[in-house]
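Numbering (UniProt numbering), first residue to last: 1 to 609.
Ideal placement from N, C-alpha and C gives every residue a C-beta, glycine not left out.
All values reported here derive from a predicted model rather than from experimental measurement.
Below is one structure, written out as structure tokens; the observations come after it.
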């Protein structure tokens with residue numbers, strides 16, 4: 001969630017750090033800061049505003065040097081404030097700062113460590129667990145910052161990615177990680193540590209993804225990695241060509257709008273190697289693993305969880321395999337019935353989602369060793385842990401509210417459904433060809449749905465002055481209603497809830513008034529007549545209906561706000577009906593004037609519990 005970028009170079013690093021922070025802004029943050037060692041002094045500036053304000057402060061304070069740390073913070077311990085912002089310092093008795101540190105993650109035993117440090121005379125300026133960590137390093141410093149970090153990390157309980165600098169050794173930065181991502185970047189006469197490769201794009205020639213327990217010591221022309229056993233470690237280097245390039249906004253108003261319109265391309269890229277239905281596209285062991293499983297356990301969070309809910313309908317309908325879907329943050333903390341023959345399917349955009357990664361490891365500890373990742377990051381921790389994987393190729397997503405990552409996840413999940421069916425010999429050749437044809441048509445179908453934007457904008461004007469909205473769907477479109485409500489909440493700050501339409505009379509109908517817009521996902525399927533009855537229930541209570549229907553649906557009530565989809569999409573209908581819901585949330589947020597790409601209190605990559 002937070003962002004780290006640090007650098008040691010033969011030249012000034014301030015512009016590199018500010019540039020890196022700017023590229024990490026998409027992750028979401030409520031404060032930012034930078035610490036630089038220059039002219040034999042360790043100094044910092046911090047801000048509650050955007051990174052641009054930080055760059056102005058650097059000029060005002062003449063903050064330049066060849067080694068430094070920078071950070072964007074998403075508050076966990078302590079409210080958003082300047083004094084809680086990173087980097088945090090720990091000083092000598094003279095008051096001169098000696099240790100500077102930036103940190104992602106949560107130190108779970110910080111309370112007891114804080115008490116011990118206070119008894120040793122340390123004063124705390126913030127409410128953060130991070131300040132405990134920087135004082136702990138200062139307290140244990142023995143003249144070698146690497147050796148000190150090795151000692152201190154063994155005292156910690158929780159998750160962390162840290163970059164640490166000591167003014168007594170002004171030529172090296174130490175990094176370490178456990179349960180949170182940290183990447184080493186190798187440049188020409190300069191090296192970097194960052195939480196995301198994007199922060200180092202254009203600077204580093206190669207990157208190395210650190211593993212849990214690794215500690216790295218970087219200088220401008222050298223680096224050293226030791227593992228949790230203090231043994232020298234050799235990690236795989238990835239060339240510059242594997243980096244995600246800088247994303248330009250172009251003619252779009254926001255990144256979210258750009259990413260909504262990139263979905264045809266993203267889905268096409270995701271399917272670019274799919275010519276036949278084959279287990280091999282999921283990994284070399286996929287055929288054997290699929291043959292040995294008798295159920296699927298899907299684990300995910302947020303939007304990815306809704307993708308998993310949709311997949312349950314597809315897999316059970318097409319492949320006839322029992323599916324359960326778990327919220328990752330709940331799964332690992334309850335007693336569950338273990339089935340070693342279940343495929344554990346984890347879905348994550350970043351591949352670093354802390355709850356999902358922890359739930360995956362928990363399932364493995366229970367002996368559930370058939371696992372697979374659907375992810376947008378090839379080198380992420382979740383992908384590295386799983387036996388099987390399918391990369392969505394959505395490209396980097398800057399907007400905090402996920403759009404193209406969701407639709408590409410759904411695309412892969414549908415492909416998995418038909419692959420499992422073929423593996424079980426219950427997919428006929430004719431159906432295989434029909435499904436493949438539908439998938440190939442998907443990018444063009446998405447483009448047609450995007451043409452509905454002007455009609456959706458008119459609806460957004462109706463929603464912009466509302467504070468509540470209800471979303472309804474049935475069957476495999478119920479999770480799509482959930483996703484539509486989530487998007488509306490995330491970026492417009494309108495309170496929105498979603499329900500299976502059949503549940504209206506079991507409580508939600510009490511909320512319906514003439515001031516409550518009700519959005520209905522209404523494809524032409526076997527549940528449409530039932531859904532029309534639910535719509536009449538809303539109308540009878542004075543509710544205002546906004547219905548997304550298929551082109552040939554027999555809905556002809558002039559009192560209903562109606563947008564017709566260009567065509568009927570069958571089993572792939574959930575993917576297509578996602579698009580107008582994204583557009584509705586986006587344009588409603590624009591009219592309300594919210595920060596669309598960086599909604600308050602949210603972060604892009606959720607790397608803490």
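Query	Result
DSSP bridge partner residues for residue 43 (one or two, in chain order)	36
Contact test: residue 464 Cβ vs the ligand FMN heavy atom, cutoff 6 Å	Of the ligands one can find in the structure shown there are none, so the ligand FMN has no counterpart to examine.
Complete alpha helix (DSSP H) runs within the region 336-371 (minimum length 4 residues, chain order)	354-365
Residue 573 versus 562, 521, 584, residue with shortest Cα-Cα distance	521
Nearest-angstrom Cβ-Cβ length linking residue 104 and residue 160, presumed shorter than 8 Å	7 Å
Buried or exposed by the 16-neighbour rule on C-beta atoms within 10 Å, applied to residue 411	buried
Residue from 182, 196, 199 with nearest C-alpha to residue 211	182
Inter-residue Cα distance where the pair is residue 601 and residue 29	8 Å
The region 86-99 contacting the region 32-47, beta-carbon criterion three pairs below 8 Å	yes
Anticipated Cβ contact below 8 Å, residue 217 with residue 174, distance rounded	6 Å
Pairwise C-alpha distance: residue 262 and residue 76	33 Å
For residue 20 and residue 530, the rounded distance between their alpha carbons	53 Å
DSSP state of residue 120 mapped onto helix, strand, coil	coil
Residue 209 - DSSP class collapsed to helix/strand/coil	strand
Straight-line Cα distance separating residue 383 from residue 347	10 Å
Residue 78 (DSSP reduced to helix, strand or coil)	coil
Coarse secondary structure for residue 591, derived from DSSP in three states	helix
Under the three-state DSSP convention, the category residue 544 falls into	strand
4 or more residues per run - each alpha helix (DSSP H) lying fully within the UniProt domain "SIS" (459-599)	478-492, 528-540, 573-592
Inter-residue CB distance, residue 156 and residue 107 (contact presumed, cutoff 8 Å)	6 Å
Nearest candidate by alpha-carbon position, reference residue 519, set 505, 539, 428	539
DSSP state of residue 441 mapped onto helix, strand, coil	helix
For residue 357 and residue 296, believed in contact at Cβ under 8 Å, the rounded distance	With a Cβ gap of about 19 Å, residue 296 and residue 357 do not count as contacting.
Three or more C-beta pairs below 8 Å linking the region 417-429 and the region 315-330	yes
Residue 637 (DSSP reduced to helix, strand or coil)	As shown, the chain starts at 1 and ends at 609. That puts residue 637 outside it, with no answer to give.
Presumed contact (8 Å Cβ cut-off) between residue 5 and residue 194, rounded CB distance	5 Å
Whole-angstrom C-beta distance between residue 289 and residue 437, which should lie under 8 Å	Residue 437 to residue 289, Cβ: 27 Å. No contact.
Buried versus exposed, by CB contacts within 10 Å (16 or more), residue 292	exposed
Residues bridged to residue 72 [DSSP beta-bridge criterion]	3, 32
Residue 583 versus residue 492 - alpha carbon distance	12 Å
C-beta contact flag for residue 337 and residue 191 at 7 Å	no
Endpoints, alpha helix (DSSP H) assigned at residue 158	Here residue 158 belongs to no alpha helix (DSSP H); instead the beta strand (DSSP E) covers 158-166.
Residue closest to residue 294, alpha-carbon to alpha-carbon, out of 481, 339, 508	339
DSSP bridge partner residues for residue 237 (one or two, in chain order)	208
Helix, strand or coil at residue 178 according to DSSP, with G and I counted as helix	strand
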